[in-house]
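Residue numbering for the sequence shown follows the working numbering, beginning at 75 and increasing consecutively.
Positions of the beta carbon are idealized from the N, C-alpha and C atoms, including for glycine.
This one's a predicted model, so the numbers in the text were calculated from it and none came from an experiment.
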Amino acid sequence: MLPGIYRASGAELDLITRIRAAVLYDPNAIVVGDAAATLGWWPQRAASTVELAASGRRPDGDGITWCRRSIPIDLTVDRGDVRFTEAPLTVLDLLPSLGGSVIDEALRRRAVTLTQLQDVFAGLPRRRGDILRRQLLEDSRDEPWSEAERYFQRYNRELDLPYRHHTNYRIALPDGTIRFLDYALPDLMLAFEVDGWEFHGTRAAFVADRAHDARLAAMGWQVVRFDAVSIFATEERVKETIRAVVTARAALCRGLR
């Protein structure tokens with residue numbers, strides 16, 4: 075597996091086996107990237123190979139790669155038999171390869187806060203990919219839970235609508251159910267929902283969403299839904315629709331006062 079490190083014939087060559095081999099070779103190595111996410115806050119990432127940070131050059135092995143890098147000890151997690159980067163640094167490391175979706179995943183799992191990401195980023199030395207990291211952190215200021223929500227929030231910022239907004243807006247339905255609206259303008263009692271297949275792609279989810287929409291309508295709210303495909307493919311049309319809906323809703327609200 076690595077010079078002087080072998081595995082028994084027939085032994086499974088999985089992530090844990092690779093990590094054990096690497097740590098035997100260099101006890102001070104720190105697991106980074108996908109493998110760190112798998113070990114820490116995102117087990118479903120299910121990395122099968124491992125990248126490790128070390129103080130000097132190390133030979134790569136079967137599914138084992140190294141990077142020469144110094145990582146502050148306070149940005150790592152020590153499990154006794156292995157050390158890996160903590161969630162905020164792991165997310166920042168993965169941004170160039172995974173894009174904003176890794177921020178969304180970490181926020182959704184409550185593994186990080188946006189403030190933690192910003193603070194860790196500010197304290198790191200400059201490195202390749204920082205322009206992208208800074209842009210994605212800026213795009214995340216309204217804490218989207220999906221890439222489609224990220225784009226939708228950006229569109230709204232670019233429209234600069236004259237109404238206060240809230241993302242992931244908490245509202246209690248008459249039956250006591252708590253609902254979180256993707257993007258709400260409370261002064262207009264107007265909400266926009268972004269439907270992605272991952273979270274809305276089952277019949278049960280479809281039915282539940284419409285039932286919630288009906289209850290919100292009974293409370294005076296208007297809910298407008300966009301599918302993720304449209305968000306990505308028809309930016310200008312989505313913006314035009316948002317502007318038109320907000321204008322019409324504002325006029326209606328003025329007429330009722």
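*Grab me the residues of R183's own chain with a C-beta within less than 8 Å of its C-beta, minus the 5 sequence neighbours each way, in chain order.*
For the purposes of this step, residue 183 is identified with residue 109 of the sequence shown, where counting begins at 1. Taken in chain order, the residues that qualify are W115 and W116.
*Determine the extent of the alpha helix (DSSP H) in which H286 is found, giving its start and end residues.*
Residue numbering aside, residue 286 sits at position 212 when the sequence shown is read from its first letter. Start and end: R277 to A292.
*Which stretch, first to last residue, makes up the alpha helix (DSSP H) that contains I252?*
Taking the first residue of the sequence shown as 1, we reach residue 252 at position 178. Boundaries around I252 are those of the beta strand (DSSP E), I252 to L259, since no alpha helix (DSSP H) includes it.
*asked:* Against chain C, with Cβ distances strictly below 9 Å, would P117 count as a contact?
replied: Any reference to chain C falls outside this structure, which holds one protein chain only.
_Where I305 falls: helix, strand or coil (DSSP)_ = Numbered from its first residue, the sequence shown carries residue 305 at position 231. Secondary structure at I305: helix, using DSSP grouped into helix, strand and coil.
*Is there at least one non-hydrogen atom of the ligand ZN closer than 8 Å to the beta-carbon of S122?*
Absence of the ligand ZN is noted for the structure shown, with no ligands found whatsoever.
*Would you kindly work out how many angstroms separate the C-alpha atoms of I316 and F158, rounded to a whole number?*
Within the sequence shown, numbered from 1, the residue matching residue 316 stands at position 242. Within the sequence shown, numbered from 1, the residue matching residue 158 stands at position 84. Those two C-alpha atoms are separated by around 43 Å.
*According to DSSP, residues forming a beta bridge with G135*: As a first step, residue 135 is located in the sequence shown; it is residue number 61 there, counting from the start. For G135, the pairing in a beta bridge is given by DSSP as I138.
*Are W140 and R153 touching if we call contact CB-CB under 9 Å?*
Numbered from 1 along the sequence shown, position 66 holds the residue referred to as residue 140. Numbered from 1 along the sequence shown, position 79 holds the residue referred to as residue 153. For the 9 Å CB-CB criterion, W140 and R153 do not form a contact.
*Can you tell which of L233, P101 and I93 has its C-alpha closest to the C-alpha of T112?*
The count along the sequence shown starts at 1 and reaches residue 112 at position 38. Checked all of L233, P101 and I93; the closest Cα to T112 is I93.
_Tell me which residues share the same chain as D213 and place their Cβ nearer than 7 Å to its Cβ, disregarding the 5 neighbours each side in the sequence._
The sequence position of residue 213 within the sequence shown is 139, counting from 1. Only G174, R224 and R228 meet the Cβ criterion.
*Limits of the alpha helix (DSSP H) - the one that A161 falls within*: Residue 161 sits at position 87 when you count from the first residue of the sequence shown. Looking at the DSSP string, the run of the alpha helix (DSSP H) that includes A161 is A161 to L172.
_Pair within 9 Å by beta-carbon distance, P248 and A279_ = Against the sequence shown, residue 248 aligns to sequence position 174. Against the sequence shown, residue 279 aligns to sequence position 205. Not closer than 9 Å, so no.
*State the beta-bridge partners of L235 as determined by DSSP.*
One-based indexing of the sequence shown puts residue 235 at position 161. For L235, DSSP records no beta bridge to any residue.
_Range covered by the beta strand (DSSP E) that runs through D152_ = What you label residue 152 is simply residue 78 of the sequence shown in a count that begins at 1. Start and end: T150 to D152.
*asked:* Tell me the rounded alpha-carbon separation between V320 and L188.
replied: Here residue 320 corresponds to residue number 246 of the sequence shown, with the count starting at 1. Here residue 188 corresponds to residue number 114 of the sequence shown, with the count starting at 1. Going by the C-alpha atoms only, they are around 28 Å apart.
_Looking at the secondary structure, which residues open and close the alpha helix (DSSP H) in which R74 lies?_
In the structure displayed, the chain extends from 75 to 331; residue 74 sits before or after that span and is not available.
*Mind checking G250: buried by the 16 CB within 10 Å criterion, or exposed?*
If you number the sequence shown from 1, residue 250 lands on position 176. With fewer than 16 Cβ atoms within 10 Å of its Cβ, G250 is classed as exposed.
_For V319, the three-state DSSP class (helix, strand or coil)_ = Taking the first residue of the sequence shown as position 1, residue 319 is located at position 245. Residue state, collapsed to three classes: helix.
*What are the partner residues of A128, as DSSP defines its beta bridges?*
Counting from one through the sequence shown, the residue named residue 128 turns up at place 54. Assignment of beta-bridge partners to A128 by DSSP yields R142.
*asked:* According to DSSP, simplified to helix, strand and coil, what is A265?
replied: Sequence index remark: in the sequence shown, residue 265 carries index 191 (1-based). Secondary structure at A265: strand, using DSSP grouped into helix, strand and coil.
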